[in-house]
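Residue numbers (the working numbering): 85 to 412. Ideal placement from N, C-alpha and C gives every residue a C-beta, glycine not left out. Down below is the structure, laid out as structure tokens.
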């Protein structure tokens, strides 16, 4: 439920491939046209068919949380998979009035939805999401499902940071949404697996969202569909704390663009192998090489200093692209 946005929209003439075509049995509060610069209060411009359910001034985050709780209640008697994808936090920002006032009263608070620092609308949206996480956990407790339910919390990209109206910073990481610098691709990841994951434990092993599918399969003791290619690896060994490494030391990204993204990103691909990371830019045909252990902010480009490593990673990146059919 919530934001899909993995293809273009049929209303705009694009071939739309929605959740139902990817195996979901229910699709709730999913947009049928772009959410960007959208309305967070009912009526929602991105899906005018959605009728109001909550009393008063219905906020989109609250509504989506409420739908998640209803889904859990309806499916409490059998195993379920709930994918809750919030539209927030996304510009234009619009927090609930009472929460915005709360944060505007804090020392150093910015004013308005476009405040560059300490944005009260950003904080209000984040609190609404956090409240929903708490409501889901409480619902699982009430239904006696908490000890047999896995929760995964993550994001799709870093915050916007490279344009005139950006209200977030990813410092000390470089860049943000639309770029392949760490500020654009390094995101939060928390996993709650009662009785399996030690509370407060932490791993510094790099992982990627394509790892979720094989991980959840192993958690649920299910076999993968033999028709599907598993792009990731199971993170269960890391979660159990039995191993410090995975059977893989390389991650890849492929982000071809016809034109520069309005947030600053350009057509590029990247490879990370252990602590080495190379970004290949297609608009300039230039490569940048960083040692993330020594330089997590990606300020010291080592491409000309270490041409051998640069060439080796470029070759490996090209081989992966050919293998998966990734084109510029």
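- Under the three-state reduction of DSSP, residue 108 is assigned to coil, being neither helix nor strand.
- According to the DSSP assignment, residue 352 belongs to the beta strand (DSSP E) that extends over 352 to 357.
- Residue state for residue 316 is assigned as coil, using DSSP reduced to three classes.
- An exposed status is given to residue 227, since fewer than 16 other beta-carbon atoms sit within 10 Å of its beta-carbon.
- In this model, residue 158 and residue 351 are separated by some 44 Å (Cα to Cα).
- DSSP, reduced to helix, strand and coil, places residue 183 within a helical segment of the structure shown.
- In this structure residue 187 is in contact with residue 204, their Cβ atoms being roughly 4 Å apart against a cut-off of 8 Å.
- Cβ-Cβ distances below 7 Å link residue 281 to 275, 323 in the same chain, with the five nearest sequence neighbours on each side left out; the list follows chain order.
- Counted as a single uninterrupted DSSP element, the stretch harbouring residue 404 is not any beta strand (DSSP E) but the alpha helix (DSSP H) occupying residues 391 to 408.
- Comparing C-alpha distances from residue 177 to each of 122, 331, 215 shows the shortest one belongs to 122.
- For residue 271, the CB contacts under 8 Å within the same chain, skipping 5 residues up- and downstream, are 238, 239, 240, 241, 242 in chain order.
- Nearest neighbour of residue 363 by Cα position, chosen from 340, 147, 378, turns out to be 340.
- Under the three-state reduction of DSSP, residue 168 is assigned to coil, being neither helix nor strand.
- In this chain, the beta strand (DSSP E) harbouring residue 371 covers 371 to 375.
- Taking one beta carbon from each stretch, the region 252 to 267 and the region 379 to 390 have 3 or more pairs nearer than 8 Å; the two touch.
- Residue 144 is a Cβ neighbour of residue 171, given a cutoff of 8 Å.
- Nearest C-alpha to residue 169 among 126, 184, 112, 156: 112.
- Within the same chain, and ignoring the five residues on either side of residue 320 in sequence, the residues whose Cβ sits closer than 7 Å to its Cβ are 299, 302, 303.
- Counting along the chain, residue 238 sits inside no alpha helix (DSSP H); it lies in the beta strand (DSSP E) bounded by residues 235 to 238.
- For residue 266, the closest C-alpha among the options 353, 89, 135 is that of 353.
- Residue state for residue 86 is assigned as strand, using DSSP reduced to three classes.
- Per DSSP, the continuous alpha helix (DSSP H) segment holding residue 155 begins and ends at 144 to 158.
- For residue 206, there is no enclosing beta strand (DSSP E); the enclosing alpha helix (DSSP H) covers residues 204 to 226.
- Residue 316 is a Cβ neighbour of residue 297, given a cutoff of 8 Å.
- Listed in chain order, the beta strand (DSSP E) elements of length 3 or more contained wholly in the region 236 to 294 are 273 to 276.
- DSSP places residue 334 outside any alpha helix (DSSP H); the residue lies instead in the beta strand (DSSP E), whose first and last residues are 334 to 339.
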